[in-house]
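The block underneath contains the structure these notes are about, expressed in structure tokens.
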Amino acid sequence: MKKLLHLFAVTMTIIPMLASAHGPTRQMVEEKIIINAPVDKVWAMVKDFSAIDQWHPAVKSVAMKDDKTRTLTLKADGEPTITEELDKVDDEKMMLIYTIEDMSVVKTITFNSKDTPYYTLPVSTYKSWIYVKEVDKGTEVKWRGKFYRSFMDNPPVPEGQSDSDAVDVITDVYKSGLENLKNVLEK
């Protein structure tokens, strides 16, 4: 009985430590906006994978490597890049799916005695969906992404590399993009 109680006590001590010692968890962001423009016009602009620079304020330029791969150059210091691959365009459902394949390293720091890269966005394993649909008051555009933070080790996490930092950055990307898409299409 004494051994059983000891085993129970050890187990109860270890379980909380294991629960807190984990790497990143998958995050999701979803933003949407209503645009006062015909659904066909909105869909035509959104589905043009080579023209996000025409409506996203953070994108300086787009270079198409092939029909399904684009490299975005951003308007940030050092002009960092993001390479994305188009996974699917569904005209019937008015849905576009893409993934991030590569990003620039904008800086490297030493954290916990290891070189830690900071990428253009603090995310990894990023996949995104953009949906366009007609609604009573115009056209709804919904942008959703699923991803992990880029820092894959267990806590502690370097500044700017936490799950909440990744969510905040992607939320800002989506909100600013959707707001400017609305501005461009409602002119």
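Residues -21 to -1, 1 to 166 (mature numbering (1 follows the signal peptide of the UniProt record, and there is no 0)) make up the sequence shown, in order.
Even for Gly, the Cβ is constructed at its ideal location relative to N, Cα and C.
Everything numeric in this text was worked out from a predicted model, so none of it was measured.
Each of ASP132, PRO134, ARG128, ASP19 was checked against the Cα of SER143, and the nearest Cα belongs to ARG128. ASP69: member of the beta strand (DSSP E) spanning 60 to 69, first to last residue. PRO101 is not a Cβ neighbour of SER83, given a cutoff of 7 Å. In the DSSP assignment, ILE14 falls within the beta strand (DSSP E) that extends over 6 to 14. In this structure, TYR105 lies near PHE126, with their beta-carbon atoms less than 7 Å apart. With contacts defined by Cβ atoms closer than 7 Å, GLU63 and ILE76 do not form a contacting pair. Within the same chain, Cβ atoms closer than 8 Å to the Cβ of THR87 are found at ASP94, THR95, PRO96, TYR97, the five residues on either side in sequence being excluded. Around the beta carbon of VAL136, 16 or more other beta carbons sit within 10 angstroms, so the residue counts as buried. Note on ALA145: 16 or more other CB atoms within 10 angstroms of its CB, so buried under the neighbour-count rule. Separation of ILE61 and SER40 (C-alpha to C-alpha, rounded to the nearest whole angstrom) is 11 Å.
In the DSSP assignment, TYR77 forms a beta bridge with LEU65, SER107. A straight line joining the alpha-carbon of GLY117 with that of VAL152 spans about 23 Å.
Under the DSSP assignment, ASP144 falls in the alpha helix (DSSP H) whose first and last residues are 142 to 164.
Membership of LYS26 in the alpha helix (DSSP H) is indicated by the continuous run 18 to 26. Sequence-distant Cβ neighbours of GLU10 in its own chain, meaning closer than 7 Å and more than five residues away, are TRP122, THR150, TYR153, LYS154, LEU157. For ARG5, the closest of SER103, VAL114, GLU113, TYR110 by C-alpha to C-alpha distance is SER103. In the three-state DSSP reduction, ASP115 falls in the coil class, being neither helix nor strand.
Take the alpha-carbon of GLU119 and the one of ASP70: they are about 15 Å apart. Proximity to PRO3 across PHE130, ASP147, GLU165 peaks at PHE130, based on C-alpha coordinates. TRP22 places its beta carbon less than 7 Å from that of VAL111.
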